[in-house]
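Q: Protein chains in written order, with the working numbering: chain A, 173 to 518; chain B, 173 to 518; chain C, 173 to 518; chain D, 173 to 518.
No residue lacks a Cβ here, since even glycine has one placed at the ideal position from N, Cα and C.
What you are looking at is a predicted structure, and each value in this text was computed from that prediction instead of being measured.
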């Protein structure tokens, strides 16, 4: 049987997530990039603004976005625009019959929560209700049936994967608040020029930002079924890409010997989550450029704290990689298609 | 009155802490470097192995260490050798009448604790009893009277300064274990060649090491009077220098409004500790190359966790800077002498 | 027709070139890694020393090298050991009937030239005579017929590709000596721990080394048919990988208008060499992780100097990528097999 | 005798050169920062936009620039604004009787040359004629007598210092065009946000820009008395600061043995220029944060090319440091005042 090919559009291809979508889909056996469009600031060959993509053949030129043109030329679209712009476009495309993955925060939260954390007006509740939260390790089945997917946030993905095996397994009442100490490379803030992200400013530095106020906080709590109260601390690493999460959880000591087995079995059928053997720790470099997530756990007897470490690429499993994983599920493909690359170590 | 000049020796001047001692003391109005000696692997002008020091005039050449020569040519000595070698030499020099600051971990802990965490035989208890723990913000008076000082560890300094104002101010029983999420630049591991510290390995990466087993753990608990149980997590930043600590403390919410004032008053007379105004956060770059420590606090109402952030230079306040601060106190100098430089922002 | 699969051995798989060979061959449709062996310092799963390769399935464990075992289990072998060790092993394997690509400098030069520049005894001339120099853009046909290939040096590859189109096209007498200002990332010096390559030493720095004495100098002159006298200056970039060459050639001004067309036609059928359109320049990031070479030229009317810029990945086209390209030719495969990846931009 | 203190203004203090001027002058024994003013985009404490300066005491707040206020509160002013804005302000302040150092390119070139290379209208020739070119190693005496100084460009400083000893010493006719391969850290492009300077873009990369068209080209030729034709190639290093120049000069072989002595004697009384002993090479790290310039030379017998390497900090000797050196000369101070710091090695 011949596999039906899928025509794919990318809205926002010159941003970092869009750029990675182009790279991943170029490796996909059954998808073709049929449409590239953005705000209109850059039109023409994508290689003009992203030199490393110069030699990918068969790509359409970047045009100014038009919903009608997109709907006509695509079976499936990724919308990778800033929050506040992206969701409405994703919904419009979905209404026109395109399967859509939205990479922004616009479709992930109930309206009132969105308003409180994003400090912006949400889309209508009936619209939000159409979107399925796209974390395959948590709700693979719903994603496969969805036509509109809200792709998770980068910090949220790393944190949720680190903690989800504990939901329904530990006594959440006893656990108390969970501190999630998270660190991200500079591309997490997007490709637009910002003074504090200049190499001359960020190189050799490290510091926290949006302390106690990062908008991925409610997304994490929601994806953990609301059983934990979490404190998400976000900090900037002077590197281009990667997220590292260190979570501190006070679990019942009696559970400690069983935690590793719990994580291993929870992720047994998750092709992108690697629960490391005891004594190993995640490395950002091991996952950079891929859709992988590395997780390790360590029980600290002295303080009775369970440490959970996770590492992802904020542009891979934290954005474009996961979006393609979702798209694979929506199309009935193996979820790893186009996503089998190995990281560079240096 | 003419100030008596102090003749200073540095044992281990070609390591990172030793190198910084040379740089700081060159700016000191009343100290002269009179002796430089190491293992004998490098002898000759220090500029041959540390090109940035080529043009400092008046430095003695580096010789192979001899206790007698050192004692003869110095009033005060810094011993900056690896733990396991450094302490015994420091003690010997002290016995010969030299005032000594030892930068290793050998003199900081009781013998049994040292044995458990360093997995090495400690010095004799009567020897350890002679050393004063050199954290001026905690025991300035004892240091001023001491002839042998155990200079604190780099992680320990950042963590203790972050938490010390809480000792005796919060109800330690209610607080529970404190997670200290710490990150350090590469120079914290010394100047000896190690594969995992090569630029080709560490650049673009981030990961934890010695999980639950870092030897600064008991040093921190001890300097906090044993009232808290702490979990120290140490992680490698792909930058040359700097330590950043994020500590998570569950304090009584009633205390929250008073915390900033508590920190500000606690460090009022500490010339190197800058308690930042609300809304500001420490930056590693703001303290790199200096003896400064930046601290900020943030109360998270949702989780009732107090966040304390601190940043130091692991070679400055975390090693050589603090050692000179101690030496100033021991000599009756203003503690800031030779330590007034401003960080580079880029 | 079913393609015969090729069993491939890698001698030195835990060094940087070996590590990249594993990664590339894992993507090859008709090659299988059947043998991994080194000095014996690391034996066991390769993922234990190279965590990013943990999840590649089907790899043999690393053993201590044995020529007999290698010859038995491989149709083709890459020998990626240090110069001085590598060549003799490559020759031995070739003698046992294995097709071999040697990545060291041992088989690239006549004995007397090798002795002068490597300051080490060369292999016997009759042995050296068996090896074909493996730069496909220059001698693709010879490589396809070879059983023993000397893979070019990293600097040499970047420099030769930058200048080769000029051979036989410009009047070499008029050109005079050519200055090649070359810069390389840290992995060019191998994976062994060296103090000057520690992140704490190399970060934020830049400097030349082996001034006037780099051993790739005669290799470049030889591959340019000896028509030019070149001065190769090698300098360290504080990044993990990539080589950038800036070459300065005084050509006849009358030729200037035709240079771009000359380069474009010279590399027309070279799948990995991208002669950029006027106004574009190579970026190390555009080629990192790939087997690509970007070249641009610029004619400077004021000084009558032709500038040629080239960029490669020292581990890609400068080592492992080119080695696989050679292996493809030796096996009759399309030369791009396993080498089609796109660079990461961030 | 009591030294008269000098009241100093800095126009543009929140840019990189301005920021370094603040840092250097804070160490000056006889200068006080009495005025800080910019475009008005940032007003208030300088520590709000440059956290590392938070603790410098006694600084005026940043105000919106007013010529009258500046002239009233300053004896001497540094104008560190972008080219095109800076020169006119410098001239206005000079007219009001303030001694001025202008750090832009506006006052360095004859009007027609400026127009051709900066593609902008120059100031009037009678205005340009008032400015003295501020390279102390070339025209210290003129600077000491000047009231308006054009501070040299960063690339220009590194290149001129590398080549100036050859002027009048080699036969310029025989030398032919000189290729100057120059590399600069990111701060050379200023502090304004630009996409290509984001850490996510520039990290791990290296590439040339403004090929054959950099505006420092005529400045270098002019400062070398017009005897050489030079090709300046400017390239971006993925580090915050530092310039490295590699120059290739075809000199008469008979002169080769005498070159080092020539350089050493030429810079004998230049306190900031360090002509390294044979076998040593400049390091960017050895000069970062300082006003130093390291120079080394190497004669290549094979190609009869003299290589000259020089390294400076683009913000030190390439901008703020040199500006203060000039100011010291203009005020009759020792030229090293405030400029005696030692670089950080890590």
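Does chain C have any CB closer than 8 Å to the CB of residue 429 (chain A)?
A: Start at 1 with the first residue of the first chain, and residue 429 (chain A) comes out as number 257. No, residue 429 (chain A) lies away from the interface with chain C (no Cβ there is under 8 Å from its Cβ).
Q: Are there any heavy atoms of the ligand NAP lying less than 7 Å away from the beta-carbon of residue 286 (chain B), as far as the coordinates show?
A: Ligands are entirely absent from the displayed structure, and the ligand NAP is therefore not among its contents.
Q: Would you kindly report the start and end of the unbroken alpha helix (DSSP H) that includes residue 385 (chain C)?
A: As a first step, residue 385 (chain C) must be located in the third chain, where it is residue number 213. Premise fails: residue 385 (chain C) is in no alpha helix (DSSP H) and is neither H nor E.
Q: Round the Cβ separation of residue 281 (chain D) and residue 394 (chain D) to the nearest angstrom and send it over; I've been treating them as touching at under 8 Å.
A: Here residue 281 (chain D) is taken as the residue at index 109 of the fourth chain, counted from 1. Here residue 394 (chain D) is taken as the residue at index 222 of the fourth chain, counted from 1. Right, their Cβ atoms sit about 7 Å apart.
Q: Since residue 252 (chain D) contacts residue 370 (chain A) with CB under 8 Å, what's their CB separation in whole angstroms?
A: The residue you call residue 252 (chain D) lines up with position 80 of the fourth chain. The residue you call residue 370 (chain A) lines up with position 198 of the first chain. Not really, about 18 Å apart at Cβ, beyond 8 Å.
Q: Scan the segment 430-454 of chain D for residues whose Cβ lies nearer than 7 Å to a Cβ of chain B and list them as they occur along the chain.
A: The residues in question are 446.
Q: State the beta-bridge partners of residue 404 (chain D) as determined by DSSP.
A: Looking up residue 404 (chain D) in the fourth chain gives position 232. Its beta-bridge partners are D:352.
Q: Mind listing the chain D neighbours of residue 327 (chain C)? Cutoff is C-beta to C-beta under 7 Å, in chain order.
A: The count along the third chain starts at 1 and reaches residue 327 (chain C) at position 155. Chain D residues near residue 327 (chain C): none, gap ~14 Å exceeds 7 Å.
Q: When the Cα atoms are used, what is the spatial distance from residue 258 (chain A) to residue 444 (chain B)?
A: Indexing the first chain from 1 puts residue 258 (chain A) at position 86. Indexing the second chain from 1 puts residue 444 (chain B) at position 272. Going by the C-alpha atoms only, they are around 47 Å apart.
Q: Below 8 Å between beta carbons: does that hold for residue 190 (chain D) and residue 246 (chain D)?
A: Numbered from its first residue, the fourth chain carries residue 190 (chain D) at position 18. Numbered from its first residue, the fourth chain carries residue 246 (chain D) at position 74. No; because the gap between Cβ atoms is not below 8 Å, this pair is not in contact.
Q: Under 8 Å, do residue 478 (chain C) and residue 196 (chain C) count as touching if we go by C-beta distance?
A: Here residue 478 (chain C) is taken as the residue at index 306 of the third chain, counted from 1. Here residue 196 (chain C) is taken as the residue at index 24 of the third chain, counted from 1. Not closer than 8 Å, so no.
Q: Could you say which of A:515, A:514, A:517 and A:502 lies nearest to residue 203 (chain A) if we only look at CA atoms?
A: Within the first chain, numbered from 1, the residue matching residue 203 (chain A) stands at position 31. Residue A:502 is the option with its Cα nearest to residue 203 (chain A).
Q: Pull up the distance between the alpha-carbon of residue 350 (chain D) and that of residue 418 (chain D), whole angstroms please.
A: For the purposes of this step, residue 350 (chain D) is taken as residue 178 along the fourth chain, with counting starting at 1. For the purposes of this step, residue 418 (chain D) is taken as residue 246 along the fourth chain, with counting starting at 1. Spanning the two alpha carbons is a distance of roughly 10 Å.
Q: What first and last residue would you give for the alpha helix (DSSP H) that runs through residue 289 (chain A)?
A: Sequence index remark: in the first chain, residue 289 (chain A) carries index 117 (1-based). Note, residue 289 (chain A): alpha helix (DSSP H), 283-290.
Q: Would you call the CB atoms of residue 457 (chain B) and residue 409 (chain B) closer than 8 Å?
A: For this step, residue 457 (chain B) is matched to residue 285 along the second chain. For this step, residue 409 (chain B) is matched to residue 237 along the second chain. No, Cβ-Cβ distance for residue 457 (chain B) and residue 409 (chain B) is not below 8 Å.
Q: So which residues of chain E does residue 422 (chain C) contact, with C-beta pairs closer than 8 Å?
A: Checking the listed chains, one finds no chain E in this structure; the protein chains it contains are A, B, C and D.
Q: Among D:412, D:193 and D:384, which residue has its Cα nearest to the Cα of residue 228 (chain D)?
A: Taking the fourth chain and counting its residues from 1, one reaches residue 228 (chain D) at position 56. Taking only the C-alpha atoms, the option nearest residue 228 (chain D) is D:193.
Q: To the nearest angstrom, how far is it from the Cα of residue 390 (chain C) to the Cα of residue 254 (chain B)?
A: Looking up residue 390 (chain C) in the third chain gives position 218. Looking up residue 254 (chain B) in the second chain gives position 82. Distance between the alpha carbons of residue 390 (chain C) and residue 254 (chain B): 44 Å.
Q: For the segment 263-292 of chain C, list every residue whose C-beta sits within 7 Å of some C-beta in chain D, in sequence order.
A: So the list is empty, because no residue satisfies the distance condition.
Q: Give the secondary structure of residue 465 (chain B) by DSSP, where H, G and I count as helix, E and B as strand, and everything else as coil.
A: By one-based count along the second chain, residue 465 (chain B) stands at place 293. In the structure shown, residue 465 (chain B) sits in a strand (DSSP, three-state: E or B).
Q: Taking 8 Å as the threshold (beta carbon to beta carbon), is residue 406 (chain D) in contact with chain A?
A: Sequence index remark: in the fourth chain, residue 406 (chain D) carries index 234 (1-based). No, no contact with chain A.
Q: Leaving out five residues before and five after residue 205 (chain B) in sequence, what residues of the same chain have Cβ atoms less than 6 Å from its Cβ?
A: Numbered from 1 along the second chain, position 33 holds the residue referred to as residue 205 (chain B). Cβ neighbours of residue 205 (chain B) beyond the five flanking positions: 180, 197 and 231.
Q: What number of angstroms, rounded off, separates the C-alpha of residue 336 (chain A) from the C-alpha of residue 438 (chain A)?
A: For this step, residue 336 (chain A) is matched to residue 164 along the first chain. For this step, residue 438 (chain A) is matched to residue 266 along the first chain. One C-alpha to the other measures close to 9 Å.
Q: For chain D, check one thing: does any of its Cβ atoms lie closer than 8 Å to the Cβ of residue 410 (chain A)?
A: On the first chain, residue 410 (chain A) is found 238 positions in, with the first residue counted as 1. So yes, residue 410 (chain A) belongs to the interface.
Q: Rounding to the nearest angstrom, what Cα-Cα distance links residue 363 (chain D) and residue 436 (chain B) in this structure?
A: Within the fourth chain, the letter at position 191 stands for residue 363 (chain D). Within the second chain, the letter at position 264 stands for residue 436 (chain B). Their backbone Cα atoms lie some 33 Å apart in a straight line.
Q: Touching or not, the segment 237-244 of chain A and the segment 258-275 of chain A, by the rule of three or more beta carbon pairs under 8 Å?
A: Yes: at least three Cβ pairs fall under 8 Å.
Q: Name the residue from D:422, D:514 and D:482 whose alpha carbon lies nearest to the alpha carbon of residue 475 (chain D).
A: Taking the fourth chain and counting its residues from 1, one reaches residue 475 (chain D) at position 303. If we check each option's Cα against that of residue 475 (chain D), D:422 comes out closest.
Q: Hey, does residue 457 (chain A) have any beta-carbon neighbour from chain C nearer than 8 Å?
A: By 1-based counting over the first chain, the position of residue 457 (chain A) is 285. Interface residue, yes.
Q: Applying a beta-carbon distance threshold of less than 7 Å, which residues of chain D neighbour residue 479 (chain C)?
A: The residue given as residue 479 (chain C) occupies position 307 in the third chain. What residue 479 (chain C) touches in chain D: 383 and 405.
Q: Should residue 355 (chain A) be flagged as near chain D, meaning a C-beta pair shorter than 8 Å?
A: Position 183 of the first chain, counting from 1, holds the residue named residue 355 (chain A). Answer no: the Cβ-Cβ gap between residue 355 (chain A) and chain D never drops below 8 Å.
Q: Decide if residue 266 (chain D) is buried, meaning its Cβ has at least 16 other Cβ atoms within 10 Å, or exposed.
A: One-based indexing of the fourth chain puts residue 266 (chain D) at position 94. Buried, since its Cβ has 16 or more Cβ neighbours within 10 Å.
Q: If we define contact as Cβ-Cβ less than 8 Å, is residue 386 (chain A) a contact residue for chain C?
A: Within the first chain, residue 386 (chain A) is the residue found at index 214, counting from 1. With 8 Å as the cut-off, residue 386 (chain A) does not count as an interface residue toward chain C.
Q: Going along chain C, which residues have a C-beta under 8 Å from residue 418 (chain D)?
A: As a position in the fourth chain, residue 418 (chain D) is number 246, starting the count at 1. 353, 380, 405 and 407, listed in chain order.
Q: Run down chain D in chain order and give the residues with a C-beta less than 9 Å from the C-beta of residue 366 (chain A).
A: On the first chain, residue 366 (chain A) is found 194 positions in, with the first residue counted as 1. Chain D residues near residue 366 (chain A): 365 and 370.
Q: Okay, do the segment 274-293 of chain A and the segment 323-341 of chain A touch, 3+ Cβ pairs below 8 Å being the bar?
A: In short, these stretches touch, since the Cβ pair count reaches three.
Q: Residue 381 (chain D): which of D:447, D:487 and D:407 sits nearest, CA to CA?
A: Taking the first residue of the fourth chain as position 1, residue 381 (chain D) is located at position 209. When only C-alpha atoms are compared, the closest one is D:407.
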